[in-house]
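Student: Here it is: the structure, laid out below.
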DNA sequence: CTGTTAGCGCCTTCAT
DNA sequence: ATGAAGGCGCTAACAG
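Chains as they are written, first to last, in the numbering used here: chain S, 7 to 352; chain W, 7 to 352.
Have a look at this one:
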């Protein structure tokens with residue numbers, strides 16, 4: 007029975023022989039679509055398969071069927087809560103759809119992203135979801151577009167998460183609108199003088215958020231002066247460094263700093279604290295995304311909620327949808343006011 | 007040139023024809039191991055491949071070669087920083103080894119885990135890494151073991167992350183030792199009366215940490231009274247609920263609560279805050295893992311550092327290693343004292 | 001309903 | 001060094 011030395015996985019052939027039926031019958035009772043096989047045979051096959059510990063070879067099925075059950079997911083940084091939440095959504099939905107997800111990390115490098123897309127095509131995934139951030143100045147953009155177009159022409163489907171001007175299906179995140187709503191809300195709370203950590207130049211998401219925030223301020227009669235902003239990486243450490251820079255340059259009478267995303271905001275609050283300033287009390291801070299941990303920092307962080315898991319789920323559903331225009335409504339966004347931006351009462 | 011309608015991916019056959027060589031030559035120049043092909047031909051093939059946008063079909067390669075380049079990763083919860091950090095390590099190392107990683111989520115359900123392992127075997131992955139938590143009372147344990155054994159007998163390699171009594175390769179995390187060291191250190195800081203959130207019964211990691219912590223306390227002349235502990239889920243919300251329960255039961259003169267892992271600790275601190283108690287000042291809190299965000303909470307969290315990304319990398323390296331005993335040294339652990347456990351000076 | 005027989009895309013002896 | 005041919009595990013007509 008239990009072999010102790012290395013062998014090969016049981017093959018469908020083995021199962022068929024063990025059950026005393028033909029290959030086709032075995033195939034049909036194990037994986038075939040609609041049941042058109044004698045129940046008695048079916049049983050024999052199932053038993054034989056169980057006895058042999060048979061598992062269909064997905065690669066073989068893929069070549070024979072000419073189609074896989076794979077979805078490829080590209081993210082910038084798996085350990086970043088923004089991406090891991092999206093990934094959780096994708097993986098969850100994939101599981102429900104009986105699909106397998108493979109994952110790769112671009113590390114925010116466009117050249118690397120292109121390479122990865124090329125490599126992933128080898129898997130012949132049914133769909134490719136690109137969640138790594140788009141940039142305006144991407145030199146590899148054209149090549150990427152070409153690669154993806156070719157991929158779609160051979161039956162694949164690509165879905166972007168938030169990059170509106172691509173010809174591919176997209177889960178639109180209302181970065182601009184959300185940031186604008188945030189600005190409006192902050193004005194309502196009595197804030198008048200704003201600063202911001204603006205993220206790296208050219209990063210699409212960052213630019214949209216800054217633009218929206220600025221719009222909101224301007225619409226409310228305020229503004230975002232350039233000397234109250236700092237460029238920095240789109241990460242926790244970037245947020246820390248950016249706030250540090252703002253502090254070094256002199257915060258002046260800045261009342262609130264918008265940090266573009268929650269991890270940056272958390273870094274920024276730590277920078278304030280390390281400089282002896284109390285976030286929320288002395289300088290208000292707001293983020294974007296509403297990652298889980300912002301409820302647990304002190305003060306709790308005001309932010310714009312993005313249902314990240316749902317975004318991941320939607321991305322996959324969108325990819326699998328028949329009709330092209332199913333992109334549907336953009337993902338709803340919601341301003342969540344917490345303790346990092348108390349109402350100003352003076 | 008650029009087809010506008012749907013077609014099929016270029017095949018090696020196409021490339022060969024386009025280059026005017028045989029299938030074999032094309033194969034050899036594109037993917038063959040050692041170069042034994044005329045440079046002129048080689049060039050022609052490469053050019054043809056580029057012109058056609060050819061990408062080798064990995065599934066086909068897999069069936070032909072009888073081996074894949076896939077590593078399957080099983081985690082409990084992708085969005086949890088503990089697992090996403092490990093995943094980042096695995097994916098990073100896989101990239102370096104030219105391997106593809108597929109990912110699935112057990113949602114902490116042993117039955118589901120078994121199912122997933124069975125399903126993943128269909129991919130014929132070279133290695134399978136199980137990072138989802140082991141439990142003592144798992145009714146599916148035997149079946150899982152059988153499944154994994156069968157998998158290894160057919161050439162696969164399984165690696166567990168922290169489950170010492172399995173017959174498979176394991177990346178050992180010194181949960182017990184780390185917790186013991188933490189206890190010792192807390193005693194050094196002057197703490198005398200301890201409580202703990204003990205996680206769900208039967209969860210291996212949780213039990214090791216509690217055992218180690220208790221050992222450390224006892225060795226130092228203290229103890230962990232049952233009435234100062236609370237069972238709860240191994241998550242942020244579990245930590246919150248557990249601390250809530252402790253508070254409701256009456257904290258008494260408890261000075262420090264050990265939370266088993268950082269996300270629980272963060273939940274616990276929020277529970278304290280919501281109850282009007284200042285974490286760190288009125289009740290000290292310690293966690294385990296050292297996930298990135300604990301530097302940004304207030305007070306910063308005392309914890310036991312586990313190099314999670316490195317754990318992921320090691321898991322894959324261990325899987326790929328020739329010799330069996332390369333399990334090597336357990337992952338080093340380090341107590342990191344931060345502001346949530348100030349020195350007691352009375 | 002069942003079995004036979006071509007493939008699917010690729011690799012790899014085996015001759016040449 | 002190159003090409004022809006068989007085979008990997010499975011599916012999908014196609015006959016029976």
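Note that beta-carbon positions come from the ideal geometry of N, C-alpha and C, so glycine has one too.
Give me the Cα-Cα distance between residue 320 of chain S and residue 104 of chain S, rounded to the nearest whole angstrom.
Tutor: The straight-line gap from Cα to Cα measures roughly 16 Å.
Student: Can residue 312 of chain W and residue 339 of chain W be called in contact, C-beta distance under 8 Å?
Tutor: In this structure, residue 339 of chain W lies closer than 8 Å to residue 312 of chain W by Cβ.
Student: In chain order, what are the residue ranges of uninterrupted alpha helix (DSSP H) at least 4 long that sit wholly in the region 38–116 of chain W?
Tutor: Those alpha helix (DSSP H) runs which fall completely within the region 38–116 of chain W and span 4+ residues are 45–58, 64–71 and 87–102.
Student: Taking the Cβ atom as the reference point for each residue, do residue 169 of chain S and residue 210 of chain S lie within a distance shorter than 8 Å?
Tutor: Closer than 8 Å, so yes.
Student: So, are the CB atoms of residue 223 of chain S and residue 271 of chain S less than 8 Å apart?
Tutor: No, the Cβ-Cβ distance between residue 223 of chain S and residue 271 of chain S is not below 8 Å.
Student: Looking at the C-beta of residue 34 of chain S, does it have a partner C-beta in chain W at a distance below 8 Å?
Tutor: It does not; no Cβ of chain W falls within 8 Å.
Student: If you draw a straight line from the alpha carbon of residue 181 of chain W to that of residue 50 of chain W, how long is it in whole angstroms?
Tutor: Going by the C-alpha atoms only, they are around 57 Å apart.
Student: Less than 7 Å between C-beta atoms, sequence neighbours within five positions excluded: which residues of the same chain meet that for residue 43 of chain S?
Tutor: The answer, listed in chain order, is 31, 34 and 35.
Student: Relative to the C-alpha of residue 83 of chain W, which residue among S:227, S:83, S:80 and S:92 is closest?
Tutor: Looking at the Cα atoms, S:92 is the closest of the given residues.
Student: Is there a C-beta anywhere in chain S that falls below 8 Å from the one on residue 335 of chain W?
Tutor: False, the Cβ-Cβ gap to chain S never drops below 8 Å.
Student: Beta-carbon within less than 6 Å of residue 219 of chain W's beta-carbon, same chain only, minus the 5 sequence neighbours each way: which residues are those?
Tutor: Answer for residue 219 of chain W: 185, 189 and 264, listed in chain order.
Student: To the nearest whole angstrom, what separates the beta carbons of residue 259 of chain W and residue 199 of chain W, a pair I think is in contact under 8 Å?
Tutor: Indeed they touch by this definition, with Cβ atoms about 6 Å apart.
Student: Measure the CB-CB distance between residue 142 of chain W and residue 208 of chain W and report whether it falls below 8 Å.
Tutor: Yes. Within cutoff.
Student: With residue 167 of chain S as the anchor, note down where its alpha helix (DSSP H) starts and where it stops.
Tutor: Where residue 167 of chain S is concerned, there is no enclosing alpha helix (DSSP H), although the beta strand (DSSP E) it sits in stretches over 163–167.
Student: Please list the terminal residues of the continuous beta strand (DSSP E) segment that includes residue 297 of chain S.
Tutor: Neither: residue 297 of chain S is in no beta strand (DSSP E) and is coded neither H nor E.
Student: My output table needs one value for residue 219 of chain S: the three-state DSSP class, helix, strand or coil.
Tutor: Helix at residue 219 of chain S.
Student: In the DSSP assignment, the beta strand (DSSP E) including residue 309 of chain W goes from what residue to what residue?
Tutor: Residue 309 of chain W -> beta strand (DSSP E) spans 309–311.
Student: So, at 6 Å on beta carbons, what are the nonlocal neighbours of residue 144 of chain S in its own chain, with the 5 sequence-adjacent residues on each side left out?
Tutor: Closer than 6 Å at the Cβ level, and outside the excluded window around residue 144 of chain S, lie 116.
Student: Return the Cβ separation of residue 251 of chain W and residue 236 of chain W in integer angstroms, given the expectation that the two are a contact with Cβ distance under 8 Å.
Tutor: That pair is a contact at about 5 Å.
Student: Give the interface partners of residue 109 of chain S over in chain W, defined as CB-CB distance under 7 Å, in chain order.
Tutor: The contacting residues are 97, 107 and 109.
Student: Quick one: is residue 93 of chain W near chain S, going by C-beta distance under 8 Å?
Tutor: It does: the Cβ of residue 93 of chain W has a partner Cβ on chain S nearer than 8 Å.
Student: Which residue comes first and which comes last in the beta strand (DSSP E) that contains residue 292 of chain S?
Tutor: 290–292 is the span of the beta strand (DSSP E), which, as asked, contains residue 292 of chain S.
Student: Going by C-alpha distance, which of W:345, W:337, W:351 and W:11 is nearest residue 176 of chain W?
Tutor: Checked all of W:345, W:337, W:351 and W:11; the closest Cα to residue 176 of chain W is W:337.
Student: What residues of chain S sit near residue 101 of chain W, judged by a beta carbon separation below 8 Å?
Tutor: 110 and 111, listed in chain order.
Student: How far does the beta strand (DSSP E) with residue 340 of chain W in it extend, from its first residue to its last?
Tutor: Counting along the chain, the beta strand (DSSP E) containing residue 340 of chain W begins and ends at 340–342.
Student: Using a beta-carbon distance below 8 Å, is residue 159 of chain S in contact with chain W?
Tutor: Yes, residue 159 of chain S counts as interfacial toward chain W.
Student: From the DSSP output, in three-state form, read off residue 11 of chain W for me.
Tutor: If DSSP states are grouped into helix, strand and coil, residue 11 of chain W belongs with coil.
Student: For a contact meaning CB atoms closer than 7 Å, what does residue 301 of chain W contact in chain S?
Tutor: Under the 7 Å cutoff, chain S gives 276.
Student: Hey, out of S:61, S:71 and S:60, whose CA is closest to residue 65 of chain W's CA?
Tutor: Comparing Cα-Cα distances from residue 65 of chain W to each of S:61, S:71 and S:60, the minimum goes to S:71.
Student: Any Cβ of chain W within less than 8 Å of the Cβ of residue 128 of chain S?
Tutor: True, the Cβ-Cβ gap to chain W drops below 8 Å.
Student: Using a Cβ-Cβ cut-off of 8 Å (strictly less than) and excluding sequence neighbours within five positions of residue 163 of chain W, which residues of its own chain qualify?
Tutor: Hits under 8 Å: 132, 133, 134, 175, 325 and 326.
Student: Look at residue 107 of chain W and residue 108 of chain S and say whether their C-beta atoms are less than 8 Å apart.
Tutor: Result yes, Cβ atoms of residue 107 of chain W and residue 108 of chain S sit closer than 8 Å.
Student: Do you know offhand how far residue 19 of chain S's Cα is from residue 26 of chain W's?
Tutor: Looking at the two C-alpha atoms, the distance is approximately 37 Å.
Student: Please state the DSSP three-state secondary structure of residue 324 of chain S.
Tutor: In this structure, residue 324 of chain S counts as helix in the three-state DSSP scheme.
Student: Helix, strand or coil: which one does DSSP assign to residue 252 of chain S?
Tutor: Helix at residue 252 of chain S.
Student: Return the chain-ordered list of same chain residues with a C-beta closer than 8 Å to the C-beta of residue 7 of chain W, the five sequence neighbours on each side being excluded.
Tutor: The pLDDT assigned to residue 7 of chain W is 39, lower than 50, so where the model puts this residue is not dependable; a value taken from the coordinates is nonetheless given after this. Within the same chain, residue 7 of chain W has no close Cβ partners at all.
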